[in-house]
Ligand code: APR
Ligand code: PHB
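Numbering (the numbering used here), first residue to last: 27 to 412.
Structure follows, in structure tokens:
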């Protein structure tokens, strides 16, 4: 097999990259280790920055998103028993965020690629990358018991945090920056009306809680829990009573459809390129879920990679490919800062000096137009470099 861009991973990064390359007449093959059903049912965050919605729209994959996505012009911060609305649109010249489940965006992109008859292979095994320093890198894998090879011009490592692409780069050529938080999120999906039209981020002495949604009838709720929390210790009753306590009146209960624990980690690998291998999305960086930046950052990487590959395949040279990592990392670190900041501000960690400072900061934030503007412009998404 032969392709211009071999794409490893059919998450948001790999699928969007394949689609945007296709729009520009560049061919690719997407390889995914898991089944289509698995990829389509994986529950992740569901909040898109304004720029992400625009990017997905330009990519021609947003028809359902524009129809079903819930546009939010603000959010609420709740602490000390009081709610404070943050007018995102008012503070950012009219920018908004859109609630749409990541797996819904993934489903849409898979359907569009398969309907166009373009190559996307699920359930592939033993994926490995070779000759990354050469102009003809190769991907090997097994499919239906057969060994296969793809000769590529470029390989895109879109295979998430646990993929094989990043570990294929010699450790001496990569620097990793890592922060693991001493808490996690217990998340539920419930068949219940959202308690509020907008998201509520609550800080409580028992810990953080977040009320978000997937639709007008499905709520997504999170509780700060221990990093090694055992989900089986959380009965439905215990979950609802913790949510009521931390979020206050108005929690709407209903059947719990799914429960899970989300780990909290900040991670960046630098650089995001090794020879002809380009890392994008979670393969290169992880943010803690506070602020829901994971998919948005993956989309921002893909925009930069598409421009670089477009120039390269049009014979305009490697200058943009050479700048790929630095261009992406500029945004990655700003988004890391924001995700870390929101995480440490809203979670309960002990009773010492730092805790008092965090409470003072929240109080200052909600009373300062300058501080709220900083929050809002990061939350709706910083402008793209291009
Ligand atoms: N071969 C092929 N595919 C692989 C391999 C492999 N060796 N290893 C992992 N994959 C697949 C995973 O099964 C997954 O479908 O790569 C895909 C990576 O997708 P994501 O983890 O969704 O990562 P990404 O596309 O970068 O999207 C980032 O997704 O994980 C969330 O929170 C994250 O919202 C963020 C967004
Ligand atoms: C989600 O919808 O799952 C979500 C929304 C906002 C966040 C985190 C997660 O900050």
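The beta carbon of each residue, even a glycine, is placed where N, CA and C say it ideally should be.
- Setting aside the 5 residues that flank it on each side, residue 219 is surrounded in the same chain by 242, 243, 245, 278 and 280, each with a C-beta closer than 8 Å to its C-beta; the list follows chain order.
- For residue 408, the closest C-alpha among the options 114, 72 and 88 is that of 114.
- Taking a C-beta distance under 8 Å as the contact criterion, residue 208 and residue 76 do not qualify as a contact pair.
- The beta carbon of residue 321 sits closer than 7 Å to at least one heavy atom of the ligand APR.
- Judged by the Cβ position, residue 316 qualifies as a neighbour of the ligand PHB at the 7 Å threshold, a heavy atom of the ligand being closer than this.
- Residue 338 counts as buried, since no fewer than 16 other beta carbons sit within 10 angstroms of its beta carbon.
- Assignment of residue 319 by DSSP, reduced to helix, strand and coil, places it in the coil class.
- Exposure of residue 206 is indicated by the presence of fewer than 16 other C-beta atoms within 10 angstroms of its C-beta.
- For residue 190, the three-state secondary structure derived from DSSP is coil.
- Contact between residue 260 and residue 285 holds: their C-beta atoms lie close to 7 Å from each other, under 8 Å.
- Apart from the 5 residues on each side of it in sequence, residue 248 sits with its Cβ closer than 6 Å to the Cβ of 211, 213 and 236 in its chain, given in chain order.
- Going by DSSP, residue 296 is part of the beta strand (DSSP E) stretching over 291 to 296.
- Under the 10 Å beta carbon count, residue 34 is surrounded by 16 or more other beta carbons and is classified as buried.
- Set against 7 Å, the gap from the CB of residue 238 to the closest heavy atom of the ligand PHB is smaller.
- Bounds of the alpha helix (DSSP H) holding residue 66 are 62 to 67.
- Remark: C-beta atoms of residue 215 and residue 69 approach each other more closely than 8 Å.
- In the displayed model, residue 233 falls within coil according to three-state DSSP, outside both helix and strand.
- Taking the Cα positions, residue 57 is about 13 Å away from residue 43.
- The Cβ atoms of residue 324 and residue 85 do not sit closer than 8 Å to each other.
- Of the candidates 106, 196, 180 and 348, the residue whose Cα lies closest to the Cα of residue 389 is 106.
- A distance below 6 Å between beta-carbons, with the five flanking residues on each side excluded, links residue 148 to the following residues of its chain, in chain order: 58, 61 and 62.
- DSSP places residue 118 in the coil class of the three-state scheme, outside both helix and strand.
- Restricted to the stretch 133 to 196, the beta strand (DSSP E) segments that are unbroken, complete and at least 3 residues in length are 151 to 156, 164 to 169, 172 to 177 and 180 to 183, listed in chain order.
- Closer than 7 Å to some heavy atom of the ligand PHB: that does not describe the Cβ of residue 131.
- From the listed residues 142, 50, 275 and 88, the smallest Cα separation to residue 127 is found for 88.
- Around the beta carbon of residue 314, 16 or more other beta carbons lie within 10 angstroms, which makes this residue buried.
- Nearest Cα to residue 29 within the set 189, 254 and 181: 181.
- Assigned with DSSP and collapsed to three states, residue 239 falls in strand.
- Beta-carbon to beta-carbon, residue 351 and residue 298 are separated by about 4 Å, close enough to satisfy the 8 Å threshold.
- Around the beta-carbon of residue 140, fewer than 16 other beta-carbon atoms lie within 10 Å, marking it exposed.
- Leaving aside the five residues that flank residue 319 on each side, the residues in its chain whose CB is nearer than 6 Å to its CB run, in chain order, 313, 361 and 365.
- Within the model, the alpha-carbon separation for residue 256 versus residue 289 is close to 12 Å.
- Residue pairing by DSSP places residue 206 opposite 291 in a beta bridge.
- Residue 399 sits in a helix when the DSSP states are folded into three classes.
- Distances from the CA of residue 310 to each of 189, 53 and 74 were compared; the closest alpha carbon is that of 189.
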